[in-house]
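Taken in order, these protein sequences are the chains called A and B. Take 37 as the starting number for the first sequence in my numbering and just add one per residue. Take 34 as the starting number for the second sequence in my numbering and just add one per residue. Backbone N, C-alpha and C define an ideal beta-carbon position, used for all residues, glycine too. Presented below is the structure to which this report refers.
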Amino acid sequence: MKPMKKSLLTAAVATAFAVSGAQAAGISDDKVKIGVLADMGGVYADICGKGCVTAVEMAVEDFGGTVLGKPIEVISADDQNKADIGSAKVREWVESEGVDAVNGLVASSVTGAVTKVLTDNKKIALISTSASHAFTTKACSPYNAHWTYNVVALANGTVKPMLDAGKKKWFFITADYAFGHALEKVASGVINSNGGEVVGAVRAPLGTTDFSSYVLQAQASGADVVALANAGADFVNSLKTAAEFGLTETADVAGLLVFTHNAKALDPNIAGGMKLTTGFYWDMDDETRAWSKRFKDRHGSIPAMGQAGAYSMTMHYLNAIKEAGTDDGDAVMAVMKKNKPNDFFARNAELRADGRMVHDMYQVRIKKAEERSNEDDIFAIEQVIPGDKAFGPMMDQCNFLANK
Amino acid sequence: MATFLGINLFGLFGQLLVGLINGSFYALLSLGLAIIFGLLKIINFAQGALYMLGAFFAWMALNYMGINYWAALLFVPLAVGFIGILMERFLLRPIANEDHLYSLLLTFGLALILQGAFTHLYGSSGLSYAIPEELKGGNRLPFMYLPNYRAWIIVASIIVCAGTWYMIEKTKLGAYLRAGTENPQLMQAFGINVPLIVTLTFGFGVGLAGFAGVMAAPVYSVSPDMGSNMLIVVFAIVVIGGMGSIGGAILTGLGMGVVEGLTKYFYPEASTTVIFAVMVIVLLTKPAGLFGKEA
């Protein structure tokens, strides 16, 4: 690195300001650095992982590679779905590598730990794939932007229409960890407040291979709907078993968190017809198809919703830096919340004061084998759920809003 | 519905049967491991990855070559077994005289490489493999719906387990094998090619993992980490059954399936731990395992 005298001086002054707590104008370290933290090789690698890195890089390139005359750099790391590894990495990033924002963020446990580090350092968390709604409620922060979806939107989007269709008795097969519990709790809330009834639930440990026992219990409960409050391989295995034991013929099975990649991993004869909620689907219109094609050409597969979200929020973040004239966390976040995001991903969107990005969600149906024209032809859009219906109103659990 | 002590009996029968089905699957998996671990004294941590390989080979055979399930059931174990033979000959034999830890670490590393390679090539979400046409559907029993494929798992597992047990315990070939692992020098003096027997036995044990992989493909998600989830449970079953006892591994596999099934009914949260609790109790009271010979 050969910094010119002048920029060295600017950097020194900027650092001095930052240390003294004053708002530093301009770009810190003469560079905007975005770190992408995700599970790169584990169970969640497909739904964000290297695809999120690709999406962020695409956004940076589309933006022009520089902002306010300074280069934008993207770095990435594997959190292995472990909170301690993720938070240690992010601490290193912000404290010694000058990272300004962290994108990606998948497992909610990792995101919880990472957002604390970022908030302490007044850096922005751009949360693409985490499901928990805690980051904009109990664990909210003025530096969190939670983009793609959350458990509330999933519950409202999937559960409510089924209740309206007269499916009142529900049984849960829930993944026995924080995410599953949260999803079950939120969905149960929607069920109870809309005249439905939860007739039973089983908590299946994460990574259970055989779900036949739970499927039998669900069958015996006489429920109209069996809700799968799990994700990834757990979801695929439980749905496969439900179909095998004939549960899908006697009751509706609702997947509460299904990524396109999971749906693709299922035999269309089993999964066909199932309804679910998603924040994005590649084949919605010309705009989404155009972007998704570019993504697929580079990455090799169609984008998962979090990957599209990663692009969208990187764009919004860079635009905000440009307008704010600085990469200072507070100033950039203020602009991000003031301007409405609007691109192929974010429709009728707004980044709310609590950090929740509210946008149109989609209730989709998994296509049957005979409806599919190619291997990526997975969902049919059933209805668009307006953002406020999906994400619900702001809750008063967010402390930084209350303290204001 | 019939109830006993407030327990729904029909529900309980269903759970018992499901437990037996899983148990026969465990038996199939632990059989291969029991042969390698119990007879050859090689701690093969790659067994789970080879089981995964079996499932992936079945998927590849169908999607790339149009080889159906039944043919895969025959060819995939041979292919996986052949990989096992190469593994034994070129990787494990050079360290055969070292401490057991070496083979453990080597096979563990192999497992990680295989798992990583498949995650890289096929992603982590898994692939779908349909149940063969002949085994679709099922029968409604008085207490539960029994899918045909699950019934087939029991049948196939019993045939393979019984056949393997008979071969090792009752035939001359099995006697050579047992003697060869017990006292290699003496057997070699009798003109028996012990290294060849060891290689073939390892290949056979690994081939069984491949067979289990093909059996699993239609009902479980075919994904790179399917083996690592299974491996530890199966090791626990072999330890509970007792080192070197083929029959012990089979019976323990069945028994643990039932124990796990009942736990899933009464207290699902503990279902992935119950087998290890049993293992601890067995090791404390009968260190050689339920069917193992005291050293």
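Of all residues in the stretch 173–203 of chain B, only 177, 178, 180, 182 place a beta-carbon less than 7 Å from a beta-carbon of chain A. Listed by position along chain B, the residues whose Cβ is nearer than 8 Å to that of residue 239/A are 301, 302. Distances from the CA of residue 75/A to each of 190/A, 164/A, 327/A, 395/A were compared; the closest alpha carbon is that of 164/A. The straight-line gap separating the alpha-carbon atoms of residue 311/B and residue 93/B is approximately 38 Å. Residues 57 of the same chain have their beta carbon placed closer than 8 Å to that of residue 191/B, with the five preceding and five following residues left out of the count. Beta-bridge annotation (DSSP): residue 264/A is paired with 209/A, 291/A. With a cutoff of 8 Å on beta-carbon distance, residue 389/A and residue 423/A are scored as not near each other. With a threshold of 8 Å between beta carbons, residue 282/A makes contact with chain B. Using a Cβ-Cβ cut-off of 8 Å, residue 163/B is close to 303, 305 of chain A, given in chain order. Between residue 48/B and chain A, the shortest Cβ-Cβ separation is below 8 Å. When DSSP states are grouped into helix, strand and coil, residue 395/A belongs to the coil group.
Excluding the 5 residues flanking it on each side, residue 88/A has same chain C-beta neighbours closer than 7 Å at 72, 74, 139, 140, 164, 342, 343, 346, in chain order. Assignment of residue 362/A by DSSP, reduced to helix, strand and coil, places it in the strand class. With 16 or more neighbouring CB atoms inside 10 Å of its own CB, residue 125/B falls in the buried class. Annotated three-state conformation of residue 383/A is coil, per DSSP. Residues of the same chain with a CB within less than 6 Å of the CB of residue 251/A, apart from the 5 flanking positions on each side, are 277, 278, 281, 283 in chain order. Every unbroken stretch of the alpha helix (DSSP H) spanning 4 or more residues and falling wholly within the stretch 86–131 of chain B is given here in chain order: 102–120. Counting only runs of 4 or more residues that sit fully inside the stretch 183–248 of chain A, the alpha helix (DSSP H) segments are 187–200, 214–229, in chain order.
Judged by DSSP in its simplified three-state form, residue 226/B adopts coil rather than helix or strand. Around the C-beta of residue 96/B, fewer than 16 other C-beta atoms lie within 10 Å, and the residue is accordingly described as exposed.
Excluding the 5 residues flanking it on each side, residue 77/B has same chain C-beta neighbours closer than 6 Å at 69, 140, in chain order. Residues 173, 174 of the same chain have their beta carbon placed closer than 7 Å to that of residue 433/A, with the five preceding and five following residues left out of the count.
Scanning 277/B, 308/B, 146/B, 278/B for the CA closest to the CA of residue 290/B turns up 308/B.
Within chain B, no C-beta atom comes less than 8 Å from the C-beta of residue 164/A; the nearest is roughly 17 Å away. Counting every other CB atom within 10 Å of its CB across the protein chains shown gives residue 160/A a total of 16 or more, marking it as buried. Proximity of chain B to residue 249/A at the Cβ level (cut-off 7 Å) is accounted for by 48, 51, 294, 297, 298, in chain order.
Inter-residue distance for residue 372/A and residue 353/A is about 7 Å (C-alpha atoms, whole angstroms). When the beta-carbon positions are compared, residue 295/B and residue 52/B come within less than 8 Å of each other. Judged by DSSP secondary structure, residue 151/B falls within the alpha helix (DSSP H) whose first and last residues are 133–155. When only Cα atoms are considered, residue 237/A and residue 229/B end up about 54 Å apart. Counting only the Cα atoms, residue 360/A lies some 26 Å from residue 430/A.
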